[in-house]
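Notes follow the structure.
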Amino acid sequence: MSYKKYNDDRAKGEASEVGQYYHIDKTTVLQQARIFNDSHINNKKCRILLTKIVFLLYTSEPFSVQEATDLFFNVIKLFSSKDTSLRQMMYLVIKELSGIAEDVIMVTQSLIKDIQSKQDTVYRANAIRALCLITDPSMIQGIERILKASIVDKVPSVSSAAIVSSYHLYDVAKDIIKRWTNEVQEAVNQKKPSGRSAAAIYFTAGQSKQPQTIISNSNISQYHAISLFYLIRQHDKMAVTKLVQQYSGTGGSNNNAASQTLRNTAAICMLIRFACKIVQDDAGSTQRIFMILEGFLRHKSEMVVLEAARAICNIPNIPAKAIMPAIATLQIFLSSPKPTLRFAAIRTLNSVSIEMPASVAPCNLDITNLIGDQNRSIAIFAITTLLKTGDESSVDQLMQQINGFMLDIPDDFKIIVVNAIRSLCLKFPAKQSTMLTFLGNILRDEGGYSFKKTIVEAIMAMVKHIPECREAALSQLCEFIEDCEFPKLSVRILHLLGQQGHKMSTPTKYIRYIYNRVILENSIVRAAAVSALVKFGIYGRDASVKQSVVVLLTRCLNDVNDEVRDRATLYLAMLKNEQLAKSYSANDATYPLATLESKLLEYVGSHENAKQFNLSAIPVISKAEEQLEQYHTRANTNSSLALLSSNQQGGCSSGAKKNIAPASVDFQYGEKLSSIPQFSNYGPLFKSTAAIHLTEEETEYTVSCIKHIFDKHIVFQFDCTNTLNDQVLEDVHMMMQPNIDEEGEVAGLIQVADIPADRLEYGVTQSLYVAFEQQDPDDELATNVVFNNTLVFQVKDCDPATGEADPEGYGDEYQVEAVEVATSDYIRPDCIENYQELNQNQVVETFALDKDKAPSLKAACTSLISLLGMRPLEGTEDPKNNNLHVLLLSGTFIDGTKISCQCKMTFDASNGVAFQVKISSQDEYVSQFVLVAIS
């Protein structure tokens with residue numbers, strides 16, 4: 000017998016059938032629908048016609064309401080048929096038409112009759128789904144008895160259909176479905192008829208014949224029931240915890256009892272995920288949940304074991320000793336004959352190796368065997384895991400194995416490998432030669448832009464962090480741009496050559512490669528090459544090199560592109576003034592482009608163009624911080640952010656971020672506040688502080704405060720959230736009372752605005768605003784002023800299910816923590832130009848911090864940065880010495896005055912930290928003002 004001929008004939012038949020449905024016409028189908036009215040129903044023709052209707056509903060133009068209604072009432076004539084296949088197709092069409100047709104509720108009684116049928120028919124489940132879909136939410140109570148009875152039905156398909164339908168109805172009928180807790184729990188506990196499915200028989204034949212090793216999946220209703228059970232109780236943490244404990248035991252060997260209750264593996268896996276959710280919401284339950292998860296590691300189902308192992312590995316801050324049972328279990332699966340188990344195990348180990356490589360290292364021998372796995376995904380995970388967990392001695396052998404492997408995988412997988420090698424380069428700098436050679440070889444291979452970009456970024460990271468390999472790495476990049484087909488990569492490499500090439504022992508070698516681009520490439524690359532050339536003239540140690548650069552730039556004056564000519568003209572002028580050139584070229588400070596653009600547009604659009612643009616109102620950031628914000632905007636990976644943050648050389652660093660609001664955030668706040676009429680005339684926003692939490696997260700109302708500092712005003716923004724689902728707050732405002740003053744004034748501050756929230760519903764965050772104005776501009780700025788805050792509102796009880804509030808309410812208030820106006824609120828953390836030259840109006844004072852307040856130099860640096868609100872420079876927020884350190888800070892005062900601060904620190908274990916502070920600024924008053932903040 001020829002099986003090939005049979006399959007070919009079958010394929011032709013399927014193709015012709017698809018062609019038949021593809022060319023059907025809606026008008027023709029509507030005319031053919033008359034056969035549903037025949038006294039003698041032709042089951043075959045009706046099934047084909049119903050199939051065509053479904054095809055049209057999914058692919059063709061939508062039916063009109065009248066067409067759908069007529070067709071619907073023709074289709075329901077098929078209730079008189081006893082053919083099972085036809086009835087199932089009928090229910091499918093009814094569900095699809097119910098969203099278009101009118102008066103579909105007329106079929107309710109027929110559906111209820113089918114659901115309550117005493118016969119063991121297969122379409123009872125379909126009838127339940129159709130009934131729940133066509134029933135209006137307001138009429139759910141009318142079919143409540145039927146659904147409750149179906150939930151506990153002995154037939155698994157009927158029970159599952161009722162539970163899943165209830166799950167989908169939960170959003171529109173919460174109060175009704177919440178009353179079904181007993182029925183849902185009974186469905187979880189109910190023992191369905193056993194009976195092996197085909198999948199269970201196949202599994203038994205292929206594995207063990209012992210009945211106790213079979214985990215039956217015929218009880219799928221348990222999976223659906225426990226999901227609905229959790230949905231009903233999800234807002235009650237104690238109820239969810241009780242649910243997990245009830246169906247999993249207390250951990251350890253007691254899980255055998257759980258297996259008798261939950262026989263469906265999907266239901267057990269869902270229970271494990273509920274347990275993970277408990278750990279995320281309540282860190283105090285970690286130990287109890289860990290015991291439960293550890294017990295599941297000895298479960299009979301491989302799927303449950305994998306889910307439990309993955310859950311243990313994802314527990315936050317889990318100790319290395321506690322994770323070892325899960326690691327050992329996953330190690331066993333690495334040698335499984337099933338590809339799915341190997342893939343699941345190696346993927347989980349790969350994620351663990353990012354944070355805890357030492358815990359995964361014992362599995363390296365088994366992971367090495369997976370490098371040659373036929374499944375490329377498994378091999379990729381194996382390689383990247385070894386790159387993260389391997390020691391220095393195994394790098395050479397590992398790189399040899401990867402060499403032959405890279406030719407057989409697509410670019411997406413190659414990118415993953417290159418990223419792992421990049422991390423390994425920074426982990427073992429001594430092996431930079433081997434890894435750089437590997438990266439150089441694959442850089443010359445065929446590949447797309449993303450692949451080549453990843454390699455170039457890896458080599459650039461080595462240049463920045465491994466000084467020993469800079470010359471070799473730059474040489475690899477120079478060879479690459481000789482035949483690079485991607486202009487974006489050529490521009491990036493040329494920029495790097497301009498930054499690093501002049502520092503090398505033979506800078507003229509790089510000048511040759513750069514000038515080749517001026518001759519051979521397009522205008523974009525030529526312009527980048529001109530910018531790179533000038534760096535050799537500015538920083539060149541040899542006068543002849545500078546003269547050569549001048550000659551090359553002079554040749555660029557005849558370029559056909561305006562951009563290239565303009566750059567060459569500018570740089571030739573800069574080379575004639577060495578001090579000006581270094582100031583423009585070496586300065587690391589820049590402006591956030593979004594803020595600068597907004598202020599310039601506002602300036603151009605205003606009628607005060609005769610007044611000079613106030614550039615001091617724009618915050619200054621470092622180039623590294625500008626790149627960091629770009630990475631945030633592009634939603635890049637955390638690893639890239641960490642790598643970028645650590646690269647702070649010679650400029651402002653981005654430390655103490657939690658105490659400093661980024662410039663882009665200030666810009667967003669400024670746009671938001673300027674749109675509020677009460678604040679529109681306050682002028683440009685100087686600074687917005689980080690959010691201060693005034694309540695605990697578990698309280699009934701959570702409140703946080705952000706201070707917005709203007710030239711003559713302070714706006715307090717209170718973000719309030721109502722966490723009670725049975726209350727609605729109205730007319731919500733914040734009453735702020737200073738700790739001193741009888742008439743509302745404190746050091747010249749007087750309240751000028753109070754913007755309440757009209758309504759605060761459950762789970763919704765609303766902002767309240769209170770503004771104060773400084774009456775006399777000549778008075779000193781208000782500092783160390785503490786405001787006691789009380790949230791005042793009207794409370795109205797409401798129905799948690801519908802959200803409808805009672806018409807009558809009552810007044811109430813809620814005390815929150817106080818807010819202080821400090822000196823740091825008037826200082827913006829900015830980078831300043833020529834930090835070393837700012838030595839005027841200096842004030843010097845010596846202070847000390849005891850060991851309780853500053854147990855280390857790092858703690859002292861963090862405390863000073865937070866106290867002064869200034870930006871750390873040159874990475875000085877991280878002391879490299881445990882006993883001596885110099886912290887450098889800079890910022891801008893509210894009047895635009897530039898401030899610098901130098902703190903020389905010493906640490907003694909018995910006495911704490913002693914430090915000398917030297918503050919310099921352009922105004923003596925500002926210097927004294929900042930010094931008072933420390934004292």
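Sequential numbering of the sequence shown, starting at 0, is according to numbering that gives the first Met the number 0. Beta carbons are placed, not taken as given, at the ideal position from N, Cα and C, and that holds for glycine. In this text, all values refer to a predicted model and were calculated from it rather than measured experimentally.
Can you check whether the CB of residue j is closer than 8 angstroms to the CB of residue i?
i, j, result
"PHE342", "SER376", "yes"
"LEU442", "PHE479", "yes"
"VAL529", "LEU556", "no"
"TYR229", "ASN263", "no"
"SER823", "GLY868", "yes"
"LEU495", "VAL462", "yes"
"VAL359", "THR383", "no"
"ALA224", "VAL187", "yes"
"ILE288", "ALA274", "yes"
"HIS712", "PHE771", "yes"
"PHE678", "VAL714", "yes"
Could you tell me if residue i is buried or exposed, where buried requires 16 or more neighbouring beta carbons within 10 angstroms of its beta carbon?
i, result
"LYS413", "buried"
"SER449", "exposed"
"ASP725", "exposed"
"ARG309", "buried"
"HIS167", "exposed"
"ARG554", "exposed"
"ARG511", "exposed"
"PRO828", "buried"
"ASN788", "buried"
"LEU473", "buried"
"ASN216", "With a pLDDT of 48 at ASN216, under the threshold of 50, the predicted position of this residue should be treated as unreliable, and no value is reported."
"TYR57", "exposed"
"ASP280", "exposed"
"SER926", "buried"
"VAL929", "buried"
"ALA124", "buried"
"GLU779", "exposed"
"LYS706", "buried"
With distance defined between alpha-carbon atoms, name the residue in the options nearest to residue i.
i, options, result
"ASP561", "ALA526, LEU571, LEU551", "ALA526"
"ASP922", "GLN841, MET869, LEU883", "GLN841"
"LEU48", "LEU29, PHE485, THR507, THR58", "LEU29"
"VAL702", "GLU60, GLN765, PHE612", "GLN765"
"THR26", "PRO61, ARG421, GLU873", "PRO61"
"ALA821", "LEU872, GLY294, ALA932", "ALA932"
"LYS917", "ASN838, THR875, LEU385", "ASN838"
"ALA580", "LEU599, TYR590, LYS545, MET904", "LYS545"
"GLN244", "ILE898, ILE231, GLY294, HIS234", "GLY294"
"ALA234", "TYR761, ARG516, LYS387", "Looking at the sequence shown, residue 234 is not Ala but His. Measuring from the Cα of HIS234, the nearest candidate turns out to be TYR761."
Helix, strand or coil for residue i, going by three-state DSSP, please let me know.
i, result
"ASP24", "coil"
"PHE914", "strand"
"CYS483", "coil"
"LEU759", "strand"
"ASP372", "coil"
"LYS81", "coil"
"ASN658", "At ASN658, the pLDDT of 40 sits below 50, so the modelled position is not reliable; the number obtained from the coordinates is stated separately. The answer is helix: DSSP assigns ASN658 an H, G or I state."
"SER638", "Low confidence applies to SER638: its pLDDT is 36, below 50, so where it sits in the model is not reliable enough to give any reading."
"VAL929", "helix"
"TYR924", "helix"
"HIS712", "strand"
"SER862", "helix"
"PHE295", "helix"
"ARG540", "coil"
"THR347", "helix"
"MET355", "coil"
Within 7 angstroms: the Cβ of residue i and any heavy atom of the ligand HEM?
i, result
"SER862", "Ligands displayed in this structure: none; no statement on the ligand HEM is therefore possible."
Report the partner residues of residue i according to the DSSP bridge assignment.
i, result
"CYS719", "VAL702, GLN765"
"GLY810", "GLN793"
"MET869", "According to DSSP, which records beta bridges pairwise, MET869 is partnered with nothing at all."
"ASN788", "MET735, VAL815"
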